[in-house]
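Working notes for the structure below.
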Amino acid sequence: MENLMFLAPEIAVAATGLIILLIGVFMSPRTKNVLGYLATLGVLAALVLTVRSFGTEATMFSGTVSIDALSQFFKLVFLTVSLIVSLASIKYTENSDHTEEFYTLVLFATLGMMVVASSNDFILLFCAFELASFATYALAGFEKQNPGSLEGAMKYFMIGAVSSALMLFGISFVYGATGTTSIPMIAENISLLAESPIGIVAVVLLIAGFGFKMALVPFHMWAPDAYQGSPSVVSSLLSAGSKKMGFVAAFRVFILALAALQPDWQFAFTILAVVTMTFGNVVAVSQTSVKRMLAYSSLAQAGYIAMAFAVMTPMALTGGIFYTLAHAFMKGGAFIAAAAVVWMITTQRTGDLQVPDHLDNFRGLGKRMPLAALCMTVFVFALAGIPLTSGFMAKVVLFSSAVQAGMTWLAVIAILNSALSLFYYARLVRYMYFLPPEGKKIGLPFPYAAALLLATAGVLVMGLWPEPFLQWAMEAAKVLI
0 MENLMFLAPE IAVAATGLII LLIGVFMSPR TKNVLGYLAT LGVLAALVLT VRSFGTEATM
60 FSGTVSIDAL SQFFKLVFLT VSLIVSLASI KYTENSDHTE EFYTLVLFAT LGMMVVASSN
120 DFILLFCAFE LASFATYALA GFEKQNPGSL EGAMKYFMIG AVSSALMLFG ISFVYGATGT
180 TSIPMIAENI SLLAESPIGI VAVVLLIAGF GFKMALVPFH MWAPDAYQGS PSVVSSLLSA
240 GSKKMGFVAA FRVFILALAA LQPDWQFAFT ILAVVTMTFG NVVAVSQTSV KRMLAYSSLA
300 QAGYIAMAFA VMTPMALTGG IFYTLAHAFM KGGAFIAAAA VVWMITTQRT GDLQVPDHLD
360 NFRGLGKRMP LAALCMTVFV FALAGIPLTS GFMAKVVLFS SAVQAGMTWL AVIAILNSAL
420 SLFYYARLVR YMYFLPPEGK KIGLPFPYAA ALLLATAGVL VMGLWPEPFL QWAMEAAKVL
480 I
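Note that numbering that gives the first Met the number 0 gives residue 420 to position 421 of the sequence shown, counting from 1, and the numbers run on in steps of one.
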C-alpha cells in the first residue's frame, strides 16, 4: 500500500466535497449557509497539509503521480484561490437552494487542478484536466436566469471541448511516436518524436490545446465572455485557478517531456507571449465592464507568464512560477471586489442594473464601500506592477531574466505593456475615489471582507517579503531543469 499521506491534501478536498453534497441534500436553504464555512475549513486543512509536506518527493501509482516541489507549489496556488473563493461564496450562495452543488463543484474543480499539478502521465493529466473543466463549465453557467452567464458558459464549454480534442490529438501523436504516455519515459524516447515530422504536428496541437486553457491569444475567444458572464466568485476561480492549471501542465509537458523539441515550441511561445500581452492590454483600454476589463488584463498577465517558456532560463522559470502565485492573489481578489460591487448594486437597485459591473457603478466606491475600494486599488496597482506589491516583484524577476538571457526586446515590449495597463487601472481608481458616489454608504458583508483582506495580505506579503516565496518558486523550477 502506497503512503497515502502524500495525497492528504487531495483526499481532504475530495472528502469535503462529498460530505457537503451528502449533508446538503437534507438541509433547508436557511441552514445551508453553514456549508460555506465547512468548505472553507476543508480547503484550509488541505492548505495546511500542503505547506507541511513541502520538501517531500515521491512518485506513486507506478510513476503516474509525482509529488515534488513543482506540484506542491501549484497546489498551494490552487488551494489559495479556492480558499478566497469559498470564503466569498458564503455570501454569494446565502439562502440559495443550490449551495451544496456550488461548493461541491468548486471543491472538485480544485481537486482536478491539484491532480493536474502532480500528473506525471498524459492519461492522468487529461482525466484531471477534464474533472476540473467539467466542474468549471457548470459553475460558469450557475446563474440559470442570467442570459450572460449561460452564454459565457456555452462558449466556454464549446471551445473547451475543442481544446480537449486538440490536446488529446496531440497526446495521441506523442504516444504513437514514443509508445508511452509517461512523461519521464517520453523524455527518454523523445528522439523518435524529434526525428519524425509528427513531432512538429504534436507540438502544434499541444500548444493549441494548452493555449485554450492558458487563454493565450488567439485561443482566448471564450475568456472575456466566460469571465464577464459567470458569477464573479466563479470568474475569480476561472482566472486565478483554472488558467494556472494550463500553465503547470504546459511546464511539465513541454519542458520535461518535449525538451528535444525546444527550439520549435520556444519560438511559438515567444510569439504567443508578445501577441497575448499586447492584445490583452490594448483591448482592455476600451472596456466599460470592469469584469471584462479584468478578463482582458488577465490575458495580458498570461502573456507575461508565457515569457517563461520564451526565455527558458532557471531565473525565468522561477519568475513565471512566482508570477502564478502573485497573480492568484491579485486577480482572485480583484474579481471578489467586483463581486462585492455587483452585490451592492443588485441589493440597492441603484446604478446600471443591466451591467452590474459597469464602470459607472464603481463611482465613489471609496465612500460607499471603503474597504472594497481600498482592496481593489491594491489589486489593480499590483497587476500594473507598482512597487511594494507582489506584481512588482514578479515582474522584476521575469523581465530581468529576459534581459539576462539577451532578449532585451522582449523585456522592453513587456514593460511598455505594463505602462499601457496602468492607464485603465488608474481610470478605475479615479472612478472609485475622485467621482461622486451615486448612492448611500453600505456595509461590506463579512465573507467578502474576509476574502478581500486575505487576498490583499497575500499581495502585500509577497511584495514586501518575497524571499520565502521566491525560494519555493526556485525549488519548483529546479524540478524542470
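Cβ atoms here follow ideal geometry from the backbone N, Cα and C, with glycine treated the same way.
None of these values were measured; they are calculated from a predicted model.
Among the options, which residue has its Cα nearest to the Cα of residue i?
i    : options                   : result
L204 : F253, A371 and T287       : F253
M473 : V396, S85, V12 and L382   : V396
L167 : G140, A381, A299 and I206 : I206
V281 : R291, I89 and Y295        : Y295
I83  : I335, M406 and V273       : I335
V24  : R348, A413, G151 and D96  : D96
A327 : A381, A127, S285 and I385 : A381
A418 : V289, K394 and V200       : K394
L463 : M153, L409, T388 and G442 : T388
T63  : G35, D263, N119 and T98   : N119
M368 : I89, V341, G384 and P386  : V341
E56  : L469, N2 and I199         : N2
M461 : W408, F398, Y423 and G390 : G390
L427 : T407, Q286 and L415       : Q286
T349 : I441, P146, T323 and L21  : I441
T98  : L21, S241 and S297        : L21
I122 : V173, T109, P146 and L110 : V173
M26  : T346, E100, L370 and F308 : E100
P8   : V458, R29 and G111        : G111
S483 : K154, A307 and L255       : The question about residue 483 has no answer here: the residues shown for the chain are numbered 0 through 480.
G302 : A371, D263 and A410       : A410
V47  : A11, S65 and I412         : A11
A456 : F422, M375, S400 and A425 : M375
A383 : A307, H357, A413 and V114 : A413
G54  : S65, I158 and K366        : S65
D511 : F308, A338 and F209       : Outside the displayed range of the chain (0 to 480) lies residue 511, so it cannot be described from this structure.
F490 : L106, T92, N94 and G159   : Absent from the model: residue 490. The displayed extent of the chain is 0 to 480, so no value can be given.
Q227 : W408, S70 and A283        : A283
What are the residues that DSSP puts in a beta bridge with residue i?
i    : result
I66  : A57
D263 : The partner list for D263 (beta bridge, DSSP) is empty, contrary to what the question assumes.
D120 : S181
S288 : H357
Since residue i and residue j are thought to touch, with beta carbons under 8 Å apart, how far apart are those beta carbons, to the nearest angstrom?
i    : j    : result
K477 : A186 : Going by Cβ atoms, the distance from K477 to A186 rounds to 16 Å, so no, they are not a contact pair.
M329 : A299 : Going by Cβ atoms, the distance from M329 to A299 rounds to 12 Å, so no, they are not a contact pair.
G332 : A139 : The Cβ separation is near 20 Å, so there is no contact.
K212 : S162 : 6 Å
A315 : L86  : In fact, because the Cβ distance is near 33 Å, the residues do not count as touching under 8 Å.
F73  : A116 : 4 Å
G175 : I197 : 7 Å
K90  : P355 : About 15 Å; that fails the 8 Å criterion.
L215 : A305 : 6 Å
S229 : G279 : Actually they do not touch by this definition, with Cβ atoms about 18 Å apart.
L191 : T177 : 5 Å
L260 : V202 : 5 Å
Give the range of the alpha helix (DSSP H) segment to which residue i is assigned.
i    : result
A259 : Where A259 is concerned, there is no enclosing alpha helix (DSSP H), given that its DSSP letter is neither H nor E.
L409 : T407 to F433
V42  : N32 to R51
G365 : L364 to R367
S399 : S389 to Q403
G208 : I197 to M213
K493 : As displayed, the chain neither begins before 0 nor continues past 480, which places residue 493 out of reach and without an answer.
F5   : That residue, F5, is in no alpha helix (DSSP H); it is neither H nor E in DSSP.
G462 : F445 to L463
S235 : S231 to L236
S468 : Here the sequence assigns Phe to residue 468, which means Ser is not the residue at that position. Counting along the chain, the alpha helix (DSSP H) containing F468 begins and ends at E466 to L479.
P223 : W221 to G228
A193 : I189 to E194
A248 : K242 to A249
Quick check: is the beta carbon of residue i nearer than 8 Å to any beta carbon in chain B?
i   : result
V76 : The structure shown has no chain B; it contains just one protein chain.
| Any contact of the stretch 37-54 with the stretch 9-25, i.e. 3+ C-beta pairs under 8 Å? | yes
| Taking three-plus beta-carbon pairs below 8 Å as touching, is the stretch 178-185 in contact with the stretch 228-245? | no
| field | Meets three-Cβ-pair contact criterion under 8 Å: the stretch 243-250 and the stretch 70-81 | value | yes
| field | At least three beta-carbon pairs within less than 8 Å, the stretch 427-437 to the stretch 303-315 | value | no
| query | Taking contact to mean at least 3 C-beta pairs separated by less than 8 Å, is the stretch 264-278 in contact with the stretch 132-146? | reply | Fewer than three beta-carbon pairs drawn from the stretch 264-278 and the stretch 132-146 are found closer than 8 Å, and the two stretches are therefore not classed as touching.
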